[in-house]
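K.L.:
In our numbering, the protein residues as written are 9 to 221.
Pasting in a structure now, in structure tokens, and then I'll have a few things to ask.
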């Protein structure tokens, strides 16, 4: 097993990833790092996609909003009450724990959001994340290779080229946004079959200006 992924497993086993303050800190650090490098990230996205500035900024904003959402969803006071529920003679039947390891295989479309949103969700859920970034010429990938490892604890996050070990994949949740087929398991695989057709309904009679306001 890869040493970096082994560290992720160890962190899950010893329970440090479940500590709410730890999860809050990871999300806070992620948000701070992305916010600090906003200009660099947006420039990389623009170079990779030739998208308009407004589109790039919208994607960056949505990614940051995802991090904020998952951070605010962590309720420290409630977590504290739940932790000591048994000591007060109360049941804690609704306790939920993270699955363990999440392998994230991002798509090239809206790549920043496709990485940041599931990454924040996994960290919030007390999971370790192995992000697959293969060797490409994408400027965004190069930027994230520098930013993310510096922001996040190496015991709950790593970047790898590809996770192919069947033992690891069998015990992990695979978030595959590049899949050409549907998931074979509804419990451990989240696949986006990007070859499937999608129906879109466009109302050409709508008042676009009114909708925008």
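For glycine and all other residues, C-beta sits at the position ideal for the given N, C-alpha and C.
Considering only the alpha carbon of each residue, which of 211, 119 and 167 lies closest to residue 141?
P.N.:
As a working note, residue 141 is residue 133 in the chain shown. That would be 167, whose Cα lies nearest to the Cα of residue 141.
K.L.:
Between which two residues does the alpha helix (DSSP H) carrying residue 22 extend?
P.N.:
Numbered from 1 along the chain shown, position 14 holds the residue referred to as residue 22. Here the alpha helix (DSSP H) through residue 22 covers 11 to 22.
K.L.:
Taking C-beta to C-beta, are residue 131 and residue 16 nearer than 8 Å?
P.N.:
Locating residue 131 in the chain shown gives position 123, counting from the first residue. Locating residue 16 in the chain shown gives position 8, counting from the first residue. In this structure, residue 16 does not lie closer than 8 Å to residue 131 by Cβ.
K.L.:
Count the other CB atoms, across all protein chains shown, that sit within 10 Å of the CB of residue 34; report buried if there are 16 or more and exposed otherwise.
P.N.:
By 1-based counting over the chain shown, the position of residue 34 is 26. Result: buried.
K.L.:
Could you pull the start and end residues of the beta strand (DSSP E) that residue 184 belongs to?
P.N.:
As a first step, residue 184 is located in the chain shown; it is residue number 176 there, counting from the start. Note, residue 184: beta strand (DSSP E), 181 to 184.
K.L.:
Taking C-beta to C-beta, are residue 41 and residue 159 nearer than 8 Å?
P.N.:
For the purposes of this step, residue 41 is identified with residue 33 of the chain shown, where counting begins at 1. For the purposes of this step, residue 159 is identified with residue 151 of the chain shown, where counting begins at 1. Yes, they are a contact pair.
K.L.:
Measuring straight from C-alpha to C-alpha, what distance separates residue 18 and residue 27?
P.N.:
The residue given as residue 18 occupies position 10 in the chain shown. The residue given as residue 27 occupies position 19 in the chain shown. Computed Cα separation, rounded: 14 Å.
K.L.:
Measuring only the C-alpha atoms, how far is residue 60 from residue 54?
P.N.:
Locating residue 60 in the chain shown gives position 52, counting from the first residue. Locating residue 54 in the chain shown gives position 46, counting from the first residue. If I take the Cα positions, the gap works out to 7 Å.
K.L.:
Classify residue 213 as helix, strand or coil using the three-state DSSP reduction.
P.N.:
Working through the chain shown from its first residue, we reach residue 213 at position 205. Correct three-state label for residue 213: coil.
K.L.:
Where does residue 148 land, buried or exposed, given buried means 16+ other C-beta within 10 angstroms?
P.N.:
Here residue 148 is taken as the residue at index 140 of the chain shown, counted from 1. Per the 10 Å Cβ criterion, buried.
K.L.:
For the beta strand (DSSP E) containing residue 50, name the first residue and the last one.
P.N.:
In the chain shown, the residue the question calls residue 50 occupies position 42. First-last for residue 50: 46 to 57, but that is the alpha helix (DSSP H), not the beta strand (DSSP E).
K.L.:
Going straight from the alpha carbon of residue 194 to that of residue 181, what length do you get?
P.N.:
In the chain shown, the residue the question calls residue 194 occupies position 186. In the chain shown, the residue the question calls residue 181 occupies position 173. Note that residue 194 has pLDDT 49, beneath the 50 cutoff, so the model's placement of it is unreliable and the number below is only indicative. If I take the Cα positions, the gap works out to 10 Å.
K.L.:
Under the rule that 16 or more other beta-carbon atoms within 10 Å means buried, what is residue 178, buried or exposed?
P.N.:
For the purposes of this step, residue 178 is taken as residue 170 along the chain shown, with counting starting at 1. So residue 178 ends up on the exposed side.
K.L.:
Going by CA-CA distance only, name the one from 145, 127 and 120 that's closest to residue 138.
P.N.:
Taking the chain shown and counting its residues from 1, one reaches residue 138 at position 130. Nearest of 145, 127 and 120 to residue 138, Cα basis: 127.
K.L.:
Once DSSP output is grouped into helix, strand and coil, what is the label at residue 110?
P.N.:
On the chain shown, position 102 is the one that residue 110 refers to. If DSSP states are grouped into helix, strand and coil, residue 110 belongs with the strands.
K.L.:
Among the residues of its own chain, which have a CB less than 7 Å from the CB of residue 48, if the five just before and after it don't count?
P.N.:
The residue given as residue 48 occupies position 40 in the chain shown. Hits under 7 Å: 151.
K.L.:
Less than 8 Å between the beta carbons of residue 121 and residue 65, yes or no?
P.N.:
For the purposes of this step, residue 121 is taken as residue 113 along the chain shown, with counting starting at 1. For the purposes of this step, residue 65 is taken as residue 57 along the chain shown, with counting starting at 1. Going by C-beta atoms, residue 121 is not nearer than 8 Å to residue 65.
K.L.:
Straight-line CA distance for residue 163 to residue 62?
P.N.:
What you label residue 163 is simply residue 155 of the chain shown in a count that begins at 1. What you label residue 62 is simply residue 54 of the chain shown in a count that begins at 1. Roughly 36 Å between the two C-alpha positions.
K.L.:
I need the straight-line Cα distance from residue 21 to residue 129, nearest angstrom please.
P.N.:
Taking the chain shown and counting its residues from 1, the one referred to as residue 21 is at position 13. Taking the chain shown and counting its residues from 1, the one referred to as residue 129 is at position 121. So the alpha carbons of these two residues sit roughly 19 Å apart.
K.L.:
What residues match up with residue 167 in a beta bridge as DSSP calls it?
P.N.:
Numbered from its first residue, the chain shown carries residue 167 at position 159. Its beta-bridge partners are 139.
K.L.:
What is the DSSP secondary structure of residue 145, counted as helix, strand or coil?
P.N.:
The residue labelled residue 145 in the question sits at position 137 within the chain shown. The answer is coil: DSSP assigns residue 145 none of H, G, I, E or B.
K.L.:
Label residue 136 either buried or exposed according to how many other C-beta atoms from any shown protein chain fall within 10 Å of its C-beta, with 16 as the threshold for buried.
P.N.:
Against the chain shown, residue 136 aligns to sequence position 128. With 16 or more Cβ atoms within 10 Å of its Cβ, residue 136 is classed as buried.
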